[in-house]
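Listed in order, the protein sequences are those of chains B and W.
Counting along the first sequence from 1, when you hit position 265 you're at 265 in this note's numbering, and nothing is skipped either side.
Just add 291 to wherever you are in the second sequence, counting from 1, and you've got this note's numbering.
Idealized CB from N, CA, C, for every residue including glycine.
Note that the structure is predicted; figures quoted are calculated from it, not measured.
A quick write-up on the structure given underneath.
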Amino acid sequence: MLKKNHEGTWAAREANAEVFSDGATMSWLKIRSPFIIASSLLGLGIMLFLVLPIATTVIGASASIYDAITDPRTTSAIWMSFYGAFLSTLAVAATGIPLAYILCHYQFYGKSFVDALIDLPILIPHNAAGIAILTVLGPNSLFGGFLQNFGIVFVDTIYGIVAAMAFVSAPFLIRSAQEAFAAVPIAVEHAAKSLGADDLKTFMHITLPLASKGIFTGGLLSWARAISEFGAVAILAYYPKTAAVFLNDVFVSEGLGAALPINALLICISVVIILVFKRITMGGTRLNRER
Amino acid sequence: MMHLRLEEVTSIWNGFSLEEIEFEIGDREYFALLGPSGAGKTLLLETIMGFNKLKRGRIFADDDEISSLPPFQRGFGYVPHGGALFPHLNVRQNIEFGLRMMKIDQTSRKKKSDEAMNELSIVHLEKRSPENLSAGERQKVALARCLVMKPRLMLLDEPFSSIDAEARQSLRNLLKRLHRELETSFIHVTHDQLEAISLAESVAIMSGGRVVQKGKIDHVFSSPKSEFVARFLGYENILIPDRFEDEGDIIRLTLNGKDLLCSKGNSSANRRIEPAGRHKIAIRPDQVMVSKNPTACPNCMRGKIIDFSDLGPLVELTVDVGFLLKSVVTKNAFVDNQLQKNEGTFWINVKPSSLVILNE
């Protein structure tokens, strides 16, 4: 629904400009600017590049997706991905949220170095990450060997899947939590402390509830990233197979035809996850700029 | 009842430092921390609260050192800038927060919060979310949130900022009443001299992380020690006389060939004059009278109005008496005396007691 812009200054600047009734955005259809048209065409190009491979995969394999769903190997691999990602997100949350809180609230020597390290898993190739984890948690490593005494083995176990997923997905949760904590006004925490709340009570009653939405968003991002991980998981724990490992396995051993339905199913699940994620994290938020 | 004492308090936050702050606040005293933005007022308030560590110095409450006591054990009530209500809690939950932290049972919590809401006339806001409150209402809720805790000292950070004139008047009256009724000292941070003079008994004026003048509010306002304090307190006329002559009870000073008399007794600043030194003098614009006819005032000078600005109920004049002076008169006086720019000669009067000699 469109209505005339009531702002005289805008009306003078853009004779054709109109805004949506929520006051946020000019109507695209009314724009005659070459810059806006060029931007739109370039944007359309990247959208096609992103969507076309996915669409052709899903459309091409739509007839056999049902077979993939009913294949117990596929469902158990998908379950392993979801379960492993869930455990990895819990592990990252338990350690990453305190780290984000400390980084956000305190100054200490080497803080910027620690802060930079958080992004490292995003930068290094994920199979390299898998090998690196193996040097710490593998059966011949000091720490991995020690844990083996208690029956905790990382190679080809759920522990390995969780460790590999946690390594690559941790930055997403930690960064989101940092931003969420930074958005909590210091004055509000000060007010809580002046009212008798110690650091722990202030965190539990004020900081965490106010940052919870951002942390939850980070958790979802981290979980989604963990589900999609292949490289590090394949190095550390090829078995039990996660969805990404299983897809690779089928593609290598049985060829493209056998892999396509599984691929299509995974894409469909990802689309559902993204839609749910958007719904939860953005709610009714507009994508438009605010005035 | 509480007596607060700061001794050489030095603290650093983000590169800004408070330097050797010293003052005392007596029992039930209303104390204003006055200064421009960036003077360090809020940082000092936060340091008293215990949010910033002291680099040096000590803070005493009733002769007990509290320098290293965590904020939640100091028993001070703190109303941050804007109120800082907890956005995820409604008004009643905000007010009861401190009582919950002290594990007070629900019945007592409700009784105490009811009392506080009645006291501040905010019962109707009980279930509202902070985001649906006006700035004035937020301040009242923040005050109620502190008052239920029966603090021994209240610290208010710019409580009147972003509040409209009507709500400001109501909040001012409320603070006066609370201070009268409660056995609590108040520290009120503000950059507004009128706000300070309307509420406080004592004041410390801050600049660049230091207290540049402190004392009883009437004394500080009538005897600014430095040009900075004088300008900040509204002494817009800062002049440099050519000559000072001590004549016993009075000081004669010469400005651009004109003699002005300054009485010694009106302020301590004027008593500390050093004849050989170079001092500036300060005059408030409201102490510069403009009339059509000469008066018996010893400092009565002939002059011209060279400019004026309408300030609503007041008019600000710039007059030339051989040197420039700012004057503020009421709109009525402006009309009655037919004060006109560049037309005719007027008489400018400054009482000897209105001249303040700046010592620093």
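- Taking C-beta atoms as the reference points, W/Ile386 and W/Val432 count as a pair closer than 8 Å.
- Here the region 241-256 of chain B makes no contact with the region 94-113 of chain B; the two share fewer than three CB pairs at distances below 8 Å.
- Taking a contact to require three or more Cβ pairs closer than 8 Å, the region 362-374 of chain W and the region 440-449 of chain W qualify as touching.
- Counting other Cβ atoms within 10 Å of its Cβ, B/Val188 reaches 16 or more and is therefore classed as buried.
- Here W/Ala573 is not near W/Ile531, since their CB atoms are 8 Å or more apart.
- Of all residues in the region 187-208 of chain B, those with a C-beta nearer than 9 Å to a C-beta of chain W are Ala187, Val188, Glu189, His190, Ala191, Ala192, Lys193, Ser194, Leu195, Gly196, Ala197, Asp198, Asp199, Lys201, Thr202, His205, Ile206, reading in chain order.
- DSSP places W/Glu311 inside the beta strand (DSSP E), whose first and last residues are 307-316.
- Closest option to B/Ser228, judged by alpha-carbon separation, among B/Leu266, B/Pro53, B/Tyr101, B/His105: B/Leu266.
- Residue-level contact by beta carbon fails for B/Leu103 and chain W, as no gap is shorter than 8 Å.
- Distances from the CA of B/Leu260 to each of B/Ile36, B/Pro34, B/Pro53, B/Leu41 were compared; the closest alpha carbon is that of B/Pro53.
- Cβ contact annotation for B/Ala182 (same chain, cutoff 7 Å, sequence separation greater than five): Cys104, in chain order.
- Pairing W/Gly389 with W/Pro361 gives a Cβ-Cβ distance that is not under 8 Å.
- Using a 10 angstroms sphere on the CB of W/Lys394, the tally of other CB atoms stays under 16, which defines it as exposed.
- Nearest in C-alpha terms to B/Tyr83, of all of B/Leu247, B/Met165, B/Gly218, B/Ser194, is B/Met165.
- With fewer than 16 other Cβ atoms from the protein chains shown falling within 10 Å of its own Cβ, B/Phe146 counts as exposed.
- Taking C-beta atoms as the reference points, W/Val494 and W/Leu309 fail to come closer than 8 Å.
- Under the DSSP assignment, W/Asn640 falls outside any alpha helix (DSSP H), being part of the beta strand (DSSP E) whose first and last residues are 637-641.
- With a 10 Å radius around the Cβ and a threshold of 16 neighbouring Cβ atoms, B/Thr74 comes out buried.
- By the CB criterion at 8 Å, W/Lys595 and W/Asp611 fall inside the cutoff.
- Within the region 24-96 of chain B, the alpha helix (DSSP H) runs of at least 4 residues that lie entirely inside it are, in chain order, 34-60, 65-70.
- Sequence-ordered contacts of the region 208-219 of chain B with chain W read Pro209, Leu210 [C-beta pairs closer than 8 Å].
- Straight-line spacing of the CA atoms in B/Asp71 and B/Ile65 works out to 10 Å.
- Annotated as proximal: W/Gly613 and W/Lys549, with beta-carbon spacing under 8 Å.
- With a cutoff of 8 Å on beta-carbon distance, W/Lys418 and W/Arg383 are scored as near each other.
- Chain-order list of chain W residues neighbouring B/Pro185: Ala375, by C-beta distance under 8 Å.
- Between the region 89-105 of chain B and the region 174-181 of chain B there are three or more inter-stretch CB-CB distances shorter than 8 Å, so the stretches are counted as touching.
- For the pair of segments examined, the region 429-443 of chain W was found not to touch the region 497-509 of chain W: the number of CB pairs separated by less than 8 Å stays below three.
- Neighbours of W/Phe342 in chain B, taken as residues at a C-beta separation under 8 Å, are given in chain order as His190, Lys193.
- Rounded to the nearest angstrom, the Cβ distance from B/His126 to B/Val155 is 17 Å, too far for a contact under 8 Å.
- Boundaries of the alpha helix (DSSP H) around B/Met165: 158-182.
- Between W/Ser513 and W/Phe363, the alpha-carbon positions lie close to 39 Å from each other.
- Distance from the CA of W/Arg429 to the CA of W/Pro421, rounded to the nearest whole angstrom, comes to 7 Å.
- Contacts between W/Glu337 and chain B, judged by CB atoms closer than 8 Å, involve His190 in chain order.
- Interface residue (Cβ-Cβ distance to chain B less than 8 Å): W/Pro450 is not classified as such.
- DSSP places W/Lys401 within a helical segment (H, G or I) once states are collapsed to three.
- Secondary structure of W/Gly348 (DSSP, three-state): strand.
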